[in-house]
Amino acid sequence: MESAATAAIRLPLAGPAGARNAARQCKAQMTTPRPYGSASDPELVAWSADGDRRAFDAIVVRHGPFALRVAMRLLHDTATAEDVVQEALVRAWFQARNFDPRRGRFTTWLYRIVVNRCIDQRRRIQPAPIPDDFDAVDPAMGPEVIMERNQHCAAMAAALRALPVRQRAAMTLVYDEGLSGAEAARILGLSAKAVERLLARARAVLRERLQKPDWQES
Amino acid sequence: MLTLKRFGTLAGSYGGDLQRWPRQLRDEAQALLNVSAAARAIFDDARALDDAIAAASALEGATGRQPDEQAALARLRSGVAARISAPIATRKPGRWPSLAEVFTRLRSMPFPAMGAAVAGAVLAGLLVGAISVSEPAADSVLAALLQPAPIHRLWD
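Keeping their order, the protein sequence lines are chains A and B. Each residue of the first sequence is one higher than the one before, counting from 162 in the working numbering. Each residue of the second sequence is one higher than the one before, counting from 274 in the working numbering.
Here is the structure:
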C-alpha cells in the first residue's frame with residue numbers, strides 16, 4: 162500500500178498550479194527530511210527510484226549487514242564479499258524503478274541478487290586454503306581436549322567450506338540467518354522441496370565427514 | 274499426521290531445532306516427539322550434528338576472517354554512495370559508438386522502436402547503394418559479372 166509520502170512525490174504535474182504544487186512539495190521535502198528510519202522498504206525503494214540517495218542509503222544500512230554476512234559465508238573473503246554486495250546494491254539502485262512490491266518483497270529481490278552474484282563468483286574462483294591460524298587453541302584446555310576439539314572443528318569447517326555453493330547458500334540462509342525454508346527458497350529461486358533436498362544433502366555430507374574414521378588426516 | 278519417516282526426513286534437512294522446521298509441521302512434530310522414543314532419538318542425533326556445525330561455523334567467525342561488521346558496513350555505504358553519485362559515463366564527443374554499444378542500445382529499445390531503427394538502417398543502406406554504385410564499363414565483362422547490380426537495375 163502506498164503511503165502519503167510516496168503518493169506525494171508521485172503527484173502528476175498539471176499546468177502552472179501543478180508546477181507550483183510540485184515546487185512547494187520539493188521545498189517541503191528539502192526542509193522536512195523524510196522519515197527514512199521508519200519508512201517501509203517499498204517506500205524507500207520508491208523514493209530511491211525517484212533519485213533519493215539518502216533513501217537508498219537507509220536501504221544499505223538496513224539490509225547491508227545481512228547481505229555482507231551471507232556473502233562472507235559463501236565467498237570466505239572479505240574484499241570479494243564486499244565487492245559483490247556493493248555491485249548487487251548498485252544494480253538494485255539502477256533497477257529500483259522496475260521493482261514492483263505487488264510481485265514480492267524487496268528483501269527477497271535484493272537478497273536474490275546478492276546470492277546469485279555470490280554463486281557466480283564462487284564458481285569462478287577456487288576456494289582459498291584454510292589458514293594456519295584458523296583453529297587457534299585455548300591454552301587453558303587440556304591437551305586431549307584441545308586435540309579433539311581441533312580435529313572435530315577443523316574437519317567440520319573444511320567440510321563446510323567444501324560444500325557445493327548452493328548447498329552452502331541454503332545452509333547459510335536457514336541455519337545461520339534463521340530464514341524459513343520457504344524464504345530461502347524464494348531467494349534462491351527454488352521450490353521449498355528443492356531447498357529441503359539441498360539441506361539434506363549438505364547435512365549428509367557433514368555427518369559423513371564428522372563420522373569418517375580418517376577425518377583427522379585431512 | 275506426521276509419520277516417523279517424514280519426521281526423519283525433515284530432521285535430516287532442518288536439524289534438531291523446531292524453529293527451523295516448516296511452521297505448519299511444528300505442532301505435529303512436537304506431538305510426535307512427546308510420544309515416540311524413536312522420534313526423540315532421531316531428533317537428538319540431528320541436534321548433535323547441529324552443534325558440530327554451529328561450532329565449526331562459530332569458529333570460522335572467531336578467527337578474524339569475518340570482517341568487523343560496522344567497519345564493513347561503513348565501507349559499503351561509502352562505496353555505494355560514491356557509485357550512485359557518479360555521473361553516468363557518456364560518449365566522448367566525436368567518437369562513433371562501437372558495434373557492441375549500438376547493439377546494446379538496440380536491445381534496450383522497445384520492440385516497435387527497435388524495428389523502426391533497423392528498418393531505417395536497411396533503407397538508408399539501400400539508398401546509398403542505389404546512388405553510389407556506378408554502372409560497369411562496357412569493355413570489362415568479368416568486372417561486370419562480379420560487381421553487384423545497381424539497385425535500380427533490379428526493376429529493369
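For glycine and all other residues, C-beta sits at the position ideal for the given N, C-alpha and C.
{"Item": "Residue 224(A) versus residue 344(A) - alpha carbon distance", "Value": "15 Å"}
{"Item": "Between the CA atoms of residue 309(B) and residue 315(B) - distance to the nearest angstrom", "Value": "10 Å"}
{"Item": "Close-in-space but distant-in-sequence residues of the same chain around residue 298(B) (CB under 8 Å, 5 per side omitted)", "Value": "275, 283"}
{"Item": "Buried or exposed (CB count within 10 angstroms, at least 16 for buried), residue 332(B)", "Value": "buried"}
{"Item": "Under 9 Å (Cβ pairs) to chain A, residues found in the stretch 345 to 360 of chain B", "Value": "345, 346, 348, 349, 350, 352, 353, 354, 356, 357, 358"}
{"Item": "Chain-ordered chain A contacts of residue 342(B) [CB-CB under 8 Å]", "Value": "226, 229, 230"}
{"Item": "C-alpha gap between residue 313(B) and residue 351(A), whole angstroms", "Value": "30 Å"}
{"Item": "Beta-carbon proximity list for residue 317(A), same chain, < 8 Å, skipping 5 on both sides", "Value": "367, 370, 371"}
{"Item": "Contacts around residue 166(A), its chain only, beta-carbon distance under 7 Å, and the 5 residues preceding and following it disregarded", "Value": "Because residue 166(A) carries a pLDDT of 44, less than 50, the predicted location of this residue cannot be relied on, and no value is offered for it."}
{"Item": "Partners in chain B for residue 369(A), counting only beta-carbon separations shorter than 8 Å", "Value": "Those do not exist, as residue 369(A) stays about 11 Å from chain B at its closest Cβ, beyond 8 Å."}
{"Item": "Residues that residue 329(B) contacts on chain A, provided the C-beta gap is smaller than 7 Å", "Value": "314, 317, 318, 321"}
{"Item": "Whole-angstrom C-beta distance between residue 254(A) and residue 209(A), which should lie under 8 Å", "Value": "6 Å"}
{"Item": "Residue burial classification, residue 342(B) (beta-carbon count within 10 angstroms, cutoff 16)", "Value": "exposed"}
{"Item": "Chain A contact residues for residue 315(B), given Cβ-Cβ distances below 7 Å", "Value": "None at all; the shortest Cβ gap to chain A is about 12 Å."}
{"Item": "Within chain B, partners of residue 270(A) - CB distance below 9 Å", "Value": "The premise fails here: residue 270(A) is roughly 17 Å from chain B at the closest Cβ pair, so nothing lies under 9 Å."}
{"Item": "Member of 216(A), 279(A), 262(A) whose CA lies at the smallest distance from the CA of residue 357(B)", "Value": "216(A)"}
{"Item": "Reduced DSSP category for residue 195(A) - H, G, I as helix; E, B as strand; rest coil", "Value": "coil"}
{"Item": "DSSP three-state assignment for residue 355(A), whether helix, strand or coil", "Value": "helix"}
{"Item": "Start-to-end residues for the alpha helix (DSSP H) that takes in residue 249(A)", "Value": "239 to 255"}
{"Item": "Beta carbon proximity, residue 320(B) to chain A, threshold 8 Å", "Value": "no"}
{"Item": "Residue 262(A) versus residue 277(A): straight-line alpha-carbon distance, rounded", "Value": "20 Å"}
{"Item": "Under 8 Å between C-beta atoms of residue 247(A) and residue 349(B)", "Value": "yes"}
{"Item": "Min CB distance residue 289(B) to chain A below 8 Å", "Value": "no"}
{"Item": "Contact set between residue 299(B) and chain A, taken where Cβ atoms lie within less than 8 Å", "Value": "Simply none; closest approach about 11 Å."}
{"Item": "Cβ pair residue 274(A), residue 252(A) closer than 8 Å", "Value": "yes"}
{"Item": "Nonlocal neighbours in the same chain, by C-beta distance under 6 Å from residue 281(B), ignoring five residues either side", "Value": "315"}
{"Item": "Under the three-state DSSP convention, the category residue 290(B) falls into", "Value": "coil"}
{"Item": "Contact under 8 Å by Cβ, residue 121(A) with residue 328(A)", "Value": "In this structure chain A extends from 162 to 379, so residue 121(A) is not present and cannot be described."}
{"Item": "Spatial distance of residue 338(A) from residue 320(B) (CA atoms)", "Value": "17 Å"}
{"Item": "Terminal residues of the alpha helix (DSSP H) in which residue 234(A) lies", "Value": "214 to 236"}
{"Item": "Residue 361(A) to residue 293(B) span [Cα, whole Å]", "Value": "13 Å"}
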